[in-house]
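In order, the protein sequence lines correspond to chains A and B. When the first sequence is numbered by my numbering, its final residue is 1290 and no position is left out of the sequence of numbers. When the second sequence is numbered by my numbering, its final residue is 115 and no position is left out of the sequence of numbers. All C-beta atoms in this analysis are idealised placements derived from N, C-alpha and C, irrespective of residue type, glycine included. One structure is given here, and the rest of the page talks about it.
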Amino acid sequence: GAVVSQHPSRVICKSGTSVKIECRSLDFQATTMFWYRQFPKKSLMLMATSNEGSKATYEQGVEKDKFLINHASLTLSTLTVTSAHPEDSSFYICSASRETYNEQFFGPGTRLTVL
Amino acid sequence: GESVGLHLPTLSVQEGDNSIINCAYSNSASDYFIWYKQESGKGPQFIIDIRSNMDKRQGQRVTVLLNKTVKHLSLQIAATQPGDSAVYFCAETKAAGNKLTFGGGTRVLVKP
């Protein structure tokens, strides 16, 4: 149990286009989902926390107009990288947690490459 | 700001030996700690956790030690296997909220 999926696993796009990444909790209801960014050989950096039905809370330095997060249901959150540029190329990872539990269940990640 | 850090970026270990990965944390308010394993191109995988009211917790081939006095966390892997080769991250959080702060990561390389 507690499986989180991400789609797509890899995406290559041209500079200036927008890319949407989906994060789904497959066998549980996730009231909270988290989005992380990871550069090569670096640690995970939290971008934002999203709760179902409310606006996401962004970490300092993360542009909310650049990284649009939607958590429309208890099993789905989406991250849209708008007007992507090469510096947005990274590994994006989501996680989900059940209410009242600390444990986060991580997705497999999405590799974004912006040309 | 406060952060979680690691002493060793890379650890090479002979297959069959024990591995010890260390982590220093600075947020004294953290009361829940987790170790994750991340293989190349994949998301983090939960290994073991420990709450601040404990100083040791054991799992299958893994043991986590918590020393709150010096704000130190360690992960011990017994009889390290080639499949243990990965990057290991410690993470901390508070019980009241579940936002995780990750350490810098340690790469474990298991030599046959």
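ask   = With a CB to CB cut of under 6 Å and the five nearest residues on each side skipped, what residues in its chain are close to B:L68?
value = K59 and S77
request  = State the Cα-Cα distance for the pair B:S33 and B:T96, rounded to the nearest angstrom.
outcome  = 5 Å
ask   = Quick one: is B:Q17 buried, meaning 16 or more other Cβ sit within 10 Å of its Cβ, or exposed?
value = exposed
message = Between the alpha carbons of B:N21 and A:A1247, how many angstroms are there, rounded?
response = 46 Å
task = Step through the CB atoms of chain A and report whether any lies within less than 8 Å of the CB of B:F49.
result = yes
inquiry  = Tell me the residue span of the beta strand (DSSP E) that contains B:A94.
reply    = A89 to T96
Straight-line gap, A:I1187 to A:H1260 (C-alpha atoms, nearest Å) = 11 Å
inquiry  = Taking the alpha-carbon of A:V1256 as reference, which of A:M1220, A:D1202 and A:E1238 has the nearest alpha-carbon?
reply    = A:E1238
Boundaries (first-last residue) of the beta strand (DSSP E) holding B:D52 = Q48 to R54
Secondary structure of A:E1262, DSSP reduced to three states = helix
query = So, is B:A94 buried or exposed, given that buried needs 16 or more other C-beta atoms within 10 angstroms?
reply = buried
ask   = Are the stretch 40–53 of chain B and the stretch 85–93 of chain B touching, with three or more C-beta to C-beta distances below 8 Å?
value = yes
ask   = Among the residues of its own chain, which have a CB less than 8 Å from the CB of A:S1258, if the five just before and after it don't count?
value = G1191, T1192, S1193 and K1241
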